[in-house]
Amino acid sequence: MSAQEYDVMPPDPRALVLDLSRLERRPGSMLTVQTTVPAPAGLGLALASVPEGSPIELDLRLESVMEGVLVSGIAEVEVHAECSRCLDPVHWNEDVELRELFAYAPTDARGRPVDTEDSEDPLPQVFDDTIDLEPVVRDAVVLGLPLAPVCDDECRGLCPTCGDRLDDEHGHEIVDPRWAARGGLSLEGAPAGGPPVIDSSTQDTSTDERRRD
Numbered sequence: 178m179s180a181q182e183y184d185v186m187p188p189d190p191r192a193l194v195l196d197l198s199r200l201e202r203r204p205g206s207m208l209t210v211q212t213t214v215p216a217p218a219g220l221g222l223a224l225a226s227v228p229e230g231s232p233i234e235l236d237l238r239l240e241s242v243m244e245g246v247l248v249s250g251i252a253e254v255e256v257h258a259e260c261s262r263c264l265d266p267v268h269w270n271e272d273v274e275l276r277e278l279f280a281y282a283p284t285d286a287r288g289r290p291v292d293t294e295d296s297e298d299p300l301p302q303v304f305d306d307t308i309d310l311e312p313v314v315r316d317a318v319v320l321g322l323p324l325a326p327v328c329d330d331e332c333r334g335l336c337p338t339c340g341d342r343l344d345d346e347h348g349h350e351i352v353d354p355r356w357a358a359r360g361g362l363s364l365e366g367a368p369a370g371g372p373p374v375i376d377s378s379t380q381d382t383s384t385d386e387r388r389r390d
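Residues 178 to 390 (this note's numbering) are what the sequence shown spells out, left to right.
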């Protein structure tokens, strides 16, 4: 499938931002989300990636907990890759598991936001009743992609001589360079195991000419 066959969506910087206004903050409250959003740019690795604008199918569950909102579910993406052995294009659908806790911003007794000491590994936060899933989706997709994708486990790669696929029928006549200087020798008529017969058509006649002189 080529990139032109995609139902490509227009870029939207907030495509992966979800609205939590319908989710109560009471622990145990739950909200399900099923939606399709366009993939952001740069989602992938060198040999495998999700094309920008291609559809990401989200099937999520949002749960209120004491600390914030727990997001879990599946993001289905279509991956475009290049075989690391033969360089042929490879496409497949990938289901990526998502699971992340978005913490509520800390507040004081009156519910006003307060500053806290920076953590070495801070949790993503709920901001104005929204959560941004892009970093979560990006990390999950990139970690799930193969570093060296292959079109088939039995792929033999490319021929080092001509660059054609080794899985295709082809061959090469290999000449030992040590015999290259003996191109004028013929093996026709030579006894088995004996020395090669010199082809008279390629002999140097200068010796016979010198004798006649």
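Glycine is no exception: its CB is placed at the ideal position from the N, C-alpha and C atoms.
For residue i, the three-state DSSP class (helix, strand or coil)
i, result
"ASP316", "helix"
"GLU259", "strand"
"ASP196", "strand"
"GLU311", "helix"
"GLY230", "coil"
"ARG191", "coil"
"GLY219", "coil"
"GLY348", "coil"
"MET321", "It is Gly, not Met, that sits at residue 321 in the sequence shown. Reduced to three states, the DSSP call for GLY321 is helix."
"MET243", "coil"
"GLY250", "strand"
"PRO266", "strand"
"ALA225", "strand"
"LEU275", "strand"
"ALA280", "strand"
"MET186", "The pLDDT assigned to MET186 is 46, lower than 50, so where the model puts this residue is not dependable; a value taken from the coordinates is nonetheless given after this. DSSP places MET186 in coil when its eight states are reduced to three."
Under 9 Å between C-beta atoms of residue i and residue j
i, j, result
"ALA252", "VAL267", "no"
"ILE308", "VAL214", "no"
"LEU300", "LEU278", "yes"
"GLU259", "ASP265", "yes"
"VAL227", "VAL210", "no"
"ALA282", "GLU244", "no"
Nearest to residue i (by Cα), restricted to the options the options
i, options, result
"ARG230", "PRO217, GLY348, GLY221 and ASP344", "Before going further, note that residue 230 is Gly rather than Arg in the sequence given. Considering only alpha carbons, the answer is PRO217."
"LEU235", "GLU201, ARG202 and ALA192", "ALA192"
"CYS328", "PRO283, HIS347 and ARG342", "ARG342"
"VAL314", "ALA282, GLY245 and PRO232", "PRO232"
"ASP330", "PRO283, VAL303 and ASP344", "ASP344"
"SER261", "LEU335, HIS349, HIS347 and PRO312", "LEU335"
"THR212", "LEU310, PHE304, GLU201 and GLY205", "LEU310"
"PHE304", "ASP316, LEU208 and VAL246", "VAL246"
"LEU222", "PRO337, GLU346, ALA317 and GLY348", "ALA317"
Buried or exposed (CB count within 10 angstroms, at least 16 for buried), residue i
i, result
"HIS257", "buried"
"ARG333", "exposed"
"ALA325", "exposed"
"LEU322", "buried"
"ALA225", "buried"
"LEU320", "exposed"
"ARG203", "exposed"
"CYS339", "exposed"
"GLY219", "exposed"
"GLY205", "exposed"
Are at least three pairs of beta-carbons, each pair with one atom in the stretch 188-208 and one in the stretch 238-255, less than 8 Å apart?
Contact between the stretch 188-208 and the stretch 238-255 is present, because at least three Cβ pairs lie under 8 Å.
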